[in-house]
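Listed in order, the protein sequences are those of chains A and B.
No gaps in the numbering here: position 241 of the first sequence is 240 in numbering that gives the first Met the number 0, and each next residue is one more.
No gaps in the numbering here: position 255 of the second sequence is 254 in numbering that gives the first Met the number 0, and each next residue is one more.
Where is the CB? At the ideal position from N, CA and C, for every residue including glycine.
Just so you know, these numbers come straight off a predicted model, no measurement behind them.
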Amino acid sequence: MTTLVGVDAARGRRAARAGWWSRWAGLAFVAPFLVLYLWLMIYPLVSGVIMSFQYKDLLSGTSEFVGFWNYEDLSIDPIFIGSIFNTLRFVILTVPAFVVLGLLIALALNRPTRGAAIMRTLFFGPHVLSVTVVTLIWKTVYLPNVGMIDAGSTALGLGPLSILLNPDWALAAVALVTVWWSIGLPMMLFLAALQQVPQDIYEAARLDSASPLRILWTITIPSISKMIVLVAVIEVVLQFQVFGQVNLLTGGGPNNTTRSMVMFIYQAGFQQWQAGYAAAASQILFAIMLVAAGLQFWVSRKPAES
Amino acid sequence: MRLNKTSTALAAAALVAALCAQAAVAQTEIRFARFFGSCEADFATVTDPSRATNECGVITALTNQFNQENPDIKVVTEIVEWQPYYEQLAGRLAAGDVPDVSVMHADVLGEFARRGLLLPLSEDFPEVGIDTSDFVASGRENVEVDGEIYGLPQDFISWLWHTNKALFAEAEMLDAEGNPVMPTSVEELFEQAAAFKERTGKPYLALPVDAGSIARTFYTLVWQQGGDFFPQDTRQIALQTPEAVEALTVLKRLVDEGLATAYTDGSVGNSEFQQGGTGVVTQGTWMIAPFVAAADNAEMALADYGVYPLPQLYADNAQFSAGHTWVMLKSDRRTEEQRQGALQFMKFLYDHNGDWARAGHLPSRQSVLDSAEFQELPHRASIMSIPGNARHHPNTINQQRVMFFTIGEELSAAVLGQKGIEQALADAENRVNAVLRRAR
Chain A
0 MTTLVGVDAA RGRRAARAGW WSRWAGLAFV APFLVLYLWL MIYPLVSGVI MSFQYKDLLS
60 GTSEFVGFWN YEDLSIDPIF IGSIFNTLRF VILTVPAFVV LGLLIALALN RPTRGAAIMR
120 TLFFGPHVLS VTVVTLIWKT VYLPNVGMID AGSTALGLGP LSILLNPDWA LAAVALVTVW
180 WSIGLPMMLF LAALQQVPQD IYEAARLDSA SPLRILWTIT IPSISKMIVL VAVIEVVLQF
240 QVFGQVNLLT GGGPNNTTRS MVMFIYQAGF QQWQAGYAAA ASQILFAIML VAAGLQFWVS
300 RKPAES
Chain B
0 MRLNKTSTAL AAAALVAALC AQAAVAQTEI RFARFFGSCE ADFATVTDPS RATNECGVIT
60 ALTNQFNQEN PDIKVVTEIV EWQPYYEQLA GRLAAGDVPD VSVMHADVLG EFARRGLLLP
120 LSEDFPEVGI DTSDFVASGR ENVEVDGEIY GLPQDFISWL WHTNKALFAE AEMLDAEGNP
180 VMPTSVEELF EQAAAFKERT GKPYLALPVD AGSIARTFYT LVWQQGGDFF PQDTRQIALQ
240 TPEAVEALTV LKRLVDEGLA TAYTDGSVGN SEFQQGGTGV VTQGTWMIAP FVAAADNAEM
300 ALADYGVYPL PQLYADNAQF SAGHTWVMLK SDRRTEEQRQ GALQFMKFLY DHNGDWARAG
360 HLPSRQSVLD SAEFQELPHR ASIMSIPGNA RHHPNTINQQ RVMFFTIGEE LSAAVLGQKG
420 IEQALADAEN RVNAVLRRAR
């Protein structure tokens, strides 16, 4: 009996030691990632929150606690409030386009032909270009009087449209550039999802004489619904951060109608050197993005739960 | 024996290599941050600044010349784009990695100096032979903060009236000396512009309305009326003034009446001017050399080019001015050799202030300004009045660059009809004051 108890105790000690080792070994494996994550993600995030309650001068590095002063100032800054609405409008213009257009292109090109492969490459092509190249191309297209669009509109007798100078159209013009530039990614994601849908379901539907529209609505879309949500969330997060194309195409004009939140943050932080003010604006952007992405998840999960 | 020879040869080679390495180490490296673009393709080996006529060419040739004449010092140029220059400099300051000599706009220098980021140079300049009493008054004002000199003024930038005299001849609007007839009041401006358009069929003026350009024209017109942007306090701008309304109304009227064409991209306006599409373009001193080159180009329609200060339309002949300066940012990492090398390089730039003027700018040294060599440069004689009439905000005012572009954005919106004149000025005032209120 004593011997059996002794054996059990030894086994228990060994198991405890093994458990301890496995715990530490696991931690050791994830430690490099954890360190980097804490250093490059959590630390800046917390620093940003702290900075948003400070008056911090980017040039001299001096800082002073000012409580909610930055947030109060932001709440009455018409340029910041305008940039929130501009950004929301931009997200509304681009995200549905990315989802719908991306899906339609993916559906059209989801076939094993050489032509489809070439078209996939063509659609994905602009995505590898830098924002500088993309805006350079489109700036030439939008150039007042002599650009491709104005030349066309003049030839049609409409006169120059000067789209980037028109407060009603400038943001839509930037949205068009963004969709042209980035449609490749949602298209590829949708293609990947479409190729995961089992072909036998389609065969069964066709045997039942289901129309292509019905197949799309009852088989394809439900089968890739998670990818649709993923694309929508990715694009919401990305488009809320629009900056490069706005900065290079319109500089926030005309009449502040294209100034995005990130552009506002950039200008406050790096041109006015008011890092605290910029940090406070960043926290608001972060909160809006969090709410928007969360809302997207919630809306997409609701039907399944009900 | 053979082995000994080999060993001796190897030892000799090692010695030579060591000496070379030591020589290389002895060369003091100076990091020189600037904008003005990169033109290595044309000027990488040029050491004669007289071969260049643009900013980039002149400064590249000057740097090459300095490196050639001072084998113990190596100036390494770090080129940054003009627009994000200060953003990048702020980043470098935060990282503690600052260049030894940096270009700095005069309207920014005060902010850097007040934050204690610049090395005071009042005592160093005389030691290396830089005579600060030779600085033109306005240039000295730019670099002096609380009685201390923080930089070497490099030039005067001004905003000019570039003209196509052939078109003025066609409009029969040249005076006895062959210069375009200049308006002396707002009424004359509109009369002459209308007459010019009627006789040539072309708009009188190409008016760049990008934020920077329109702000320069606006500042000039306000100052010419004796307007004061800061009547009470350097932290509170006043833009809803009769002078500001008048200045913006003139600019908008010119565009609305078809006498001026507004260009949101200044380069398109310049191109239109060079192609003979307009009689005048308002542009900076830096465009003198390109327009002289265009006038020499048979493919351009700018056969007879002339450049003048902006016409005096009101009581005061004020002219917008700005300037570039050379400064030394404070650094704990800089050695005494580097500090001395940087000062030597600044002395060299001071000595060659006249060469820099080839790029179109006015020199910041009175002796160079008075020299026959400078005055013989193309068109300089016709803009000699500018230093005496130069006007700029004092360097005690914060956020001048932000202010400049913010005002420009609102003015541009008004001229293009996107908002009313009063609204634009009120918005500009509120935006600038919000920035000034936050600045400490």
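Mind pulling the chain A residues with CB within less than 9 Å of V326(B)?
Here residue 326(B) is taken as the residue at index 327 of the second sequence, counted from 1. Residues of chain A with a Cβ closer than 9 Å to the Cβ of V326(B) do not exist, since the nearest Cβ in that chain sits about 13 Å away.
Would you please state the rounded distance, in angstroms, between the beta carbons of S212(B) and Y307(B)? I believe it to be under 8 Å.
Reading the second sequence from its first residue, position 213 is the one you call residue 212(B). Reading the second sequence from its first residue, position 308 is the one you call residue 307(B). Separation of the CB atoms of S212(B) and Y307(B) is rounded to 17 Å, and the pair is thereby denied contact status at 8 Å.
Please determine if the region 389-404 of chain B and the region 22-42 of chain A are in contact, where contact requires at least 3 C-beta pairs separated by less than 8 Å.
Contact fails: fewer than three Cβ-Cβ distances are below 8 Å.
Which residue from V221(B), L253(B), F65(B) puts its Cα closest to that of P241(B)?
Along the second sequence, one-based indexing puts residue 241(B) at 242. Cα-wise, what sits closest to P241(B) is V221(B).
Quick one: measure Cβ to Cβ for S259(A) and F84(A), integer angstroms, because I've assumed they're closer than 8 Å.
On the first sequence, position 260 is the one that residue 259(A) refers to. On the first sequence, position 85 is the one that residue 84(A) refers to. About 10 Å separates the two Cβ atoms, so there is no contact after all.
Which residues in chain A have a C-beta closer than 9 Å to the C-beta of K196(B)? List them in chain order.
Within the second sequence, residue 196(B) is the residue found at index 197, counting from 1. In chain A, no part has a C-beta under 9 Å from the C-beta of K196(B); the shortest such distance is about 18 Å.
Counting only Cβ pairs nearer than 7 Å, list the residues of chain B close to Q273(A).
The sequence position of residue 273(A) within the first sequence is 274, counting from 1. Chain B residues near Q273(A): R437.
The region 74-85 of chain A: which residues have C-beta closer than 9 Å to a C-beta of chain B, in chain order?
The region 74-85 of chain A vs chain B, Cβ under 9 Å: I75, D76, P77, I78.
Whole alpha helix (DSSP H) runs in the region 410-439 of chain B with 4 or more residues, listed along the chain?
The region 410-439 of chain B contains these whole alpha helix (DSSP H) runs: 420-437.
Test: T263(B) CB closer than 8 Å to a CB of chain A:
Residue 263(B) sits at position 264 when you count from the first residue of the second sequence. T263(B) belongs to the set of residues whose beta carbon lies under 8 Å from a beta carbon in chain A.
In whole angstroms, what separates the C-alpha of P386(B) from that of S152(A)?
Here residue 386(B) refers to the residue found at position 387 of the second sequence. Here residue 152(A) refers to the residue found at position 153 of the first sequence. Their Cα atoms are separated by approximately 47 Å.
Expressed to the nearest angstrom, what Euclidean distance is found between the alpha-carbon atoms of G177(B) and H161(B)?
As a working mapping, residue 177(B) is identified with position 178 in the second sequence. As a working mapping, residue 161(B) is identified with position 162 in the second sequence. So the two alpha carbons sit approximately 15 Å from each other.
Based on the DSSP secondary-structure assignment, which residues constitute the bridge partners of T260(B)?
For the purposes of this step, residue 260(B) is taken as the residue at position 261 of the second sequence. Residue pairing from DSSP places T260(B) in a beta bridge opposite A205(B).
Report the residue from L117(B), V185(B), N163(B) whose alpha carbon sits nearest the alpha carbon of T199(B).
Locating residue 199(B) in the second sequence gives position 200, where the first residue counts as 1. Taking each of L117(B), V185(B), N163(B) in turn and checking the Cα distance to T199(B), the smallest one comes out for N163(B).
CB contact flag (R114(B), S46(A), <8 Å):
Counting from 1 along the second sequence, the entry for residue 114(B) is found at position 115. Counting from 1 along the first sequence, the entry for residue 46(A) is found at position 47. Cβ distance not < 8 Å, so R114(B) and S46(A) don't count as in contact.
Is there a Cβ of chain A sitting closer than 8 Å to that of A170(B), yes or no?
As a first step, residue 170(B) is located in the second sequence; it is residue number 171 there, counting from the start. Not one chain A Cβ lies under 8 Å of A170(B).
Which ranges would you report for the alpha helix (DSSP H) in the region 229-292 of chain B if only whole runs of at least 4 residues count?
Correct list: 241-255, 265-273.
What is the DSSP secondary structure of E304(A), reduced to helix, strand or coil?
The sequence position of residue 304(A) within the first sequence is 305, counting from 1. Only weak support exists for where E304(A) lies, its pLDDT of 47 falling under 50; the value from the coordinates is given anyway. In the three-state scheme derived from DSSP, where H, G and I count as helix and E and B as strand, E304(A) is classed as helix.
In angstroms, rounded to a whole number, what distance separates the CA positions of E298(B) and S37(B)?
The sequence position of residue 298(B) within the second sequence is 299, counting from 1. The sequence position of residue 37(B) within the second sequence is 38, counting from 1. Straight across, the Cα-Cα distance linking E298(B) with S37(B) is about 26 Å.
Just to check, is the beta-carbon of R439(B) closer than 7 Å to a non-hydrogen atom of the ligand MG?
Ligands displayed in this structure: none; no statement on the ligand MG is therefore possible.
Using a Cβ-Cβ distance cut-off of 8 Å, determine whether N254(A) contacts chain B.
For the purposes of this step, residue 254(A) is identified with residue 255 of the first sequence, where counting begins at 1. Yes, N254(A) lies at the interface with chain B (some Cβ there is under 8 Å from its Cβ).
Any Cβ of chain A within less than 8 Å of the Cβ of S346(B)?
The residue labelled residue 346(B) in the question sits at position 347 within the second sequence. Note that residue 346(B) corresponds to Lys in the displayed sequence, not to Ser. No, because no Cβ of chain A sits closer than 8 Å to the Cβ of K346(B).
List the residues of chain A that Q417(B) touches, going by C-beta distances under 7 Å, in chain order.
Translated into positions along the second sequence, residue 417(B) becomes position 418. Result: P166, P253, N254.
Buried/exposed call for N296(B), threshold 16 Cβ in 10 Å
Taking the second sequence and counting its residues from 1, the one referred to as residue 296(B) is at position 297. Taking all protein chains shown into account, N296(B) has fewer than 16 neighbouring C-beta atoms within 10 Å of its C-beta and is therefore exposed.
For F285(A) and P43(A), the rounded distance between their alpha carbons:
On the first sequence, position 44 is the one that residue 43(A) refers to. On the first sequence, position 286 is the one that residue 285(A) refers to. Our two residues, P43(A) and F285(A), have alpha carbons roughly 13 Å apart in a direct line.
Would you please state the rounded distance, in angstroms, between the beta carbons of Y46(B) and A60(B)? I believe it to be under 8 Å.
For the purposes of this step, residue 46(B) is taken as the residue at position 47 of the second sequence. For the purposes of this step, residue 60(B) is taken as the residue at position 61 of the second sequence. This sequence places Thr at residue 46(B); Tyr is not what is there. Contact between T46(B) and A60(B) holds, with the beta-carbon distance rounding to 6 Å and staying under 8 Å.
Compute the distance between the beta-carbons of G268(B) and L166(B), then report whether it is under 8 Å.
As a working note, residue 268(B) is residue 269 in the second sequence. As a working note, residue 166(B) is residue 167 in the second sequence. Taking 8 Å as the Cβ cut-off, G268(B) and L166(B) do not qualify as a contacting pair.
For P70(B), does the count of other Cβ atoms within 10 angstroms reach 16, so buried, or fall short, so exposed?
Position 71 of the second sequence, counting from 1, holds the residue named residue 70(B). Counting Cβ neighbours within 10 Å, P70(B) comes out exposed, since fewer than 16 surround it.
Cβ-based neighbour list, F229(B), same chain, cut-off 8 Å, excluding 5 preceding and 5 following:
Counted from its first residue, the second sequence places residue 229(B) at position 230. Within the same chain, F229(B) has close Cβ partners Q235, I236, A237, H392, I396.
Please report the straight-line C-alpha distance between G252(A) and A204(A), rounded to a whole angstrom.
Within the first sequence, residue 252(A) is the residue found at index 253, counting from 1. Within the first sequence, residue 204(A) is the residue found at index 205, counting from 1. Straight across, the Cα-Cα distance linking G252(A) with A204(A) is about 52 Å.
S49(B) versus A389(B): straight-line alpha-carbon distance, rounded:
Residue mapping note: residue 49(B) aligns to position 50 of the second sequence, counting from 1. Residue mapping note: residue 389(B) aligns to position 390 of the second sequence, counting from 1. Each residue's CA atom was taken as its position, placing S49(B) and A389(B) some 27 Å apart.
Residue interval of the alpha helix (DSSP H) (run including D369(B))
Along the second sequence, read from residue 1 onward, the residue named residue 369(B) stands at position 370. Its alpha helix (DSSP H) spans residues 365-369.
Delimiting residues of the alpha helix (DSSP H) encompassing F34(B)
Sequence index remark: in the second sequence, residue 34(B) carries index 35 (1-based). No alpha helix (DSSP H) holds F34(B); DSSP gives it neither H nor E.
Among R119(A), I264(A), I200(A), the one whose alpha carbon lies nearest that of G81(A):
Residue 81(A) sits at position 82 when you count from the first residue of the first sequence. Across the set R119(A), I264(A), I200(A), the C-alpha of I264(A) shows the shortest separation from the C-alpha of G81(A).
Is M288(A) buried or exposed, if buried means 16 or more other CB atoms sit within 10 Å of its CB?
Locating residue 288(A) in the first sequence gives position 289, counting from the first residue. Per the 10 Å Cβ criterion, buried.
Check whether the Cβ atoms of F97(A) and P185(A) lie closer than 8 Å to each other.
As a working mapping, residue 97(A) is identified with position 98 in the first sequence. As a working mapping, residue 185(A) is identified with position 186 in the first sequence. A contact, by the Cβ cut-off of 8 Å.
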